Amino acid sequence: MKKDLQGRIHFKIVFWGPSLSGKTTALRWIYDNVEGLNKGGFTSVADHTGRTLFFDYTPMQATAQVVFDVYTVAGQRRHRGQRKVILTGVDGIIFVADSSPDQMEANIESMAELRSFVEEDLGHSISLVVMLNKQDLPNAMDKAVMLAKLGLGNAPNFTTCALTGENVKRSFRQVTRDILMYHLYPKASATASTS
Amino acid sequence: MSITVRQFDEILSDVIKSEPGIKKTILVDRTGLTIAHVSKFSYYPVDVDGIGAIASAVFCASEEQGKSLDVGDLTIVTSEFGDGKIFAAGAGKGVLCVITDKEVNIGMIRLTMMKAAAELAKVLDEFMAEKPAVAAGKTDAEREELRAALGELEKG
Ligand SMILES: Nc1nc2c(ncn2[C@@H]2O[C@H](COP(=O)(O)OP(=O)(O)OP(=O)(O)O)[C@@H](O)[C@H]2O)c(=O)[nH]1
Ligand SMILES: [Mg+2]
């Protein structure tokens, strides 16, 4: 949480997850479809195929005084340094896991990296919501199995399809709500365990 | 306007006035949040939040790169384009970003930026100390704003 010079309160939300899991697609879907949020520009640092090189960023205003600055990270392994930079000052994370069975190792690796950066804060001062994305795939992995393998059995989670937007808005709303609740009632919140 | 706001604006305006060719100055923090910005011309239309987010990220990424190469502290990142330049200098907890025309006196701009960055670093420290620590006591007004945002989100 930060305040800017106009006295507006800012919260930073980051979409995290392995490459091609659907982070950019999900943020883009929210940007194009969710009403009631006053959105600013959409900034992307990506290659010509649309893969994120550094980050996507868009500010979304809930009220005149409360702004969510929403980012995605670049999921490809070599962009670790960029991911660390984008994670600075984060208030809430949406972990976008890829439900294709051949991406499970990548999901686990991405989650391990996230934990190495923010270990003890995750699920406490940093809210965490899990999107089990690409559930539309015919061979999509089972939700419970994925959560168990990721060690995320207790985190709020949704099965999603970022292409159609299924449950994407709910995931986003969950993380914004958890962030606000944490800041309103810091002691009572912090329910999501991540181990 | 509070004293801090005026201090930021003054320092950023001084930078613009110091050299011909400077079009815009932006101060961002290291999480990508735009703190203050001043343009030479009021009709210079840019997405300041987006530019600020990139400036902060690029500077901090260069810093990371420098750490792994063990080449000392990063002072200024310069980006040269066909029709202009962007400079970014570390300013304590923030990054000072200056956007200029193509033909500028780079030496003078570097000097001006280093001086302004030192001043901004001090004011930033004061500004950030003013704010309530995360999860510590919030003012009633802040709690009211958070509740209003919560209500707004429930609606959608
Ligand atoms: N079938 C299916 N495809 C999806 C879904 N979400 C995203 N995709 C596709 O997956 C590919 C990668 O999506 P992106 O949103 O670019 O992935 P990303 O996580 O931003 O990837 P990086 O930028 O490399 O980190 C695109 O071709 C999307 O159309 C989904 O829910 N189902
Ligand atoms: Mg992407």
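Each protein sequence line maps, in turn, to chains L and V.
Mapping of the first sequence onto numbering that gives the first Met the number 0: position 12 corresponds to residue 11, and the numbering continues sequentially without gaps.
Mapping of the second sequence onto numbering that gives the first Met the number 0: position 86 corresponds to residue 85, and the numbering continues sequentially without gaps.
Ideal Cβ positions, reconstructed from N, Cα and C, are used throughout, including at glycine.
For clarity, every value in this text was computed on a predicted model and none was experimentally measured.
Which value, in whole angstroms, describes the spacing of the CA atoms of L:Leu4 and V:Gln6?
-> Counting only the Cα atoms, V:Gln6 lies some 11 Å from L:Leu4.
For V:Leu147 versus L:Thr62, is the C-beta spacing smaller than 8 Å?
-> In the sequence on display, residue 147 of chain V carries Ala and not Leu. Yes, these two residues count as a Cβ contact at 8 Å.
Could you spell out the range, first to last residue, of the beta strand (DSSP E) harbouring L:Asp68?
-> Looking at the DSSP string, the run of the beta strand (DSSP E) that includes L:Asp68 is 65–72.
Measure the Cβ-Cβ separation of V:Ala87 and V:Val76 and say whether it is below 8 Å.
-> Contact: yes.
Less than 8 Å separating the beta-carbons of L:Ser126 and L:Ile178?
-> A contact, by the Cβ cut-off of 8 Å.
Applying a beta-carbon distance threshold of less than 8 Å, which residues of chain L neighbour V:Gln64?
-> Gly80, listed in chain order.
My guess is that L:Met110 and L:Leu131 are in contact by the Cβ rule of under 8 Å, so how many angstroms apart are they, rounded?
-> In fact, because the Cβ distance is near 12 Å, the residues do not count as touching under 8 Å.
Per DSSP, cross-strand counterpart(s) of L:Pro58 | The bridge partners DSSP lists for L:Pro58 are L:Asp68.
Check each candidate in L:Ala45, L:Ile29, L:Val95, L:Ala73 and name the one with the smallest Cα separation from L:Asn156.
-> Of the candidates L:Ala45, L:Ile29, L:Val95, L:Ala73, the one whose C-alpha sits nearest the C-alpha of L:Asn156 is L:Val95.
Does the count of Cβ pairs from the region 14–21 of chain L and the region 74–88 of chain L closer than 8 Å reach three?
-> Yes, the region 14–21 of chain L touches the region 74–88 of chain L.
Can you name the residues that DSSP bridges to L:Leu127?
-> L:Ile92.
Residues of its chain near L:Gly152, where Cβ-Cβ distance is below 7 Å and the 5 sequence neighbours each way are ignored = Closer than 7 Å at the Cβ level, and outside the excluded window around L:Gly152, lie Leu146.
Got a sec: is the Cβ-Cβ distance from V:Phe7 to anything in chain L below 8 Å?
-> Yes, contact with chain L.
Cross-strand partners of V:Gly83 (DSSP beta bridge) = Paired residues: V:Phe80.
Checking contacts by CB at 8 Å: is V:Cys96 closer than that to chain L?
-> For V:Cys96, the answer is no, since every Cβ of chain L falls outside 8 Å of its Cβ.
Would you check if the region 159–166 of chain L and the region 107–122 of chain L touch, i.e. whether three or more CB-CB distances between them fall below 8 Å?
-> Note that the region 107–122 of chain L does not touch the region 159–166 of chain L; fewer than 3 beta-carbon pairs, one per stretch, sit closer than 8 Å.
Pair every Cβ in the region 15–26 of chain V with every Cβ in the region 83–97 of chain V, then say whether three or more of these pairs are closer than 8 Å.
-> Segments in contact, yes.
Would the beta-carbon of L:Thr23 be found less than 7 Å away from any heavy atom of ligand 2?
-> Within 7 Å of the C-beta of L:Thr23 there is at least one heavy atom belonging to ligand 2.
How many Å lie between V:Lys22 and V:Phe40 at the Cα?
-> Using only the alpha carbons, I get a separation of about 7 Å.
Under 9 Å Cβ-Cβ, which residues of chain V neighbour L:Lys38?
-> Residues of chain V whose Cβ lies closer than 9 Å to the Cβ of L:Lys38 do not exist, since the nearest Cβ in that chain is about 11 Å away.
DSSP-derived helix/strand/coil call for V:Ser61 = The answer is helix: DSSP assigns V:Ser61 an H, G or I state.
Use the C-beta contact count for V:Lys121: other C-beta atoms within 10 angstroms, 16 or more gives buried, fewer gives exposed.
-> Within a 10 Å sphere around the beta-carbon of V:Lys121 sit fewer than 16 other beta-carbons, which makes this residue exposed.
Residues from the region 165–190 of chain L in contact with chain V, defined by Cβ distance under 8 Å | Result list: Lys168, Arg172, Thr175, Arg176, Leu179, Met180, Tyr181, His182, Leu183, Pro185.
Mapping DSSP to helix, strand and coil, what is V:Leu26?
-> DSSP places V:Leu26 in strand when its eight states are reduced to three.
In chain order, what residues of the same chain have a beta carbon less than 8 Å from the beta carbon of L:Gln81, not counting five sequence neighbours either side?
-> Cβ contact annotation for L:Gln81 (same chain, cutoff 8 Å, sequence separation greater than five): Leu52, Phe53, Phe54, Val72, Ala73, in chain order.
Contact test: L:Arg50 Cβ vs ligand 2 heavy atom, cutoff 7 Å = Indeed, a heavy atom of ligand 2 lies less than 7 Å from the Cβ.
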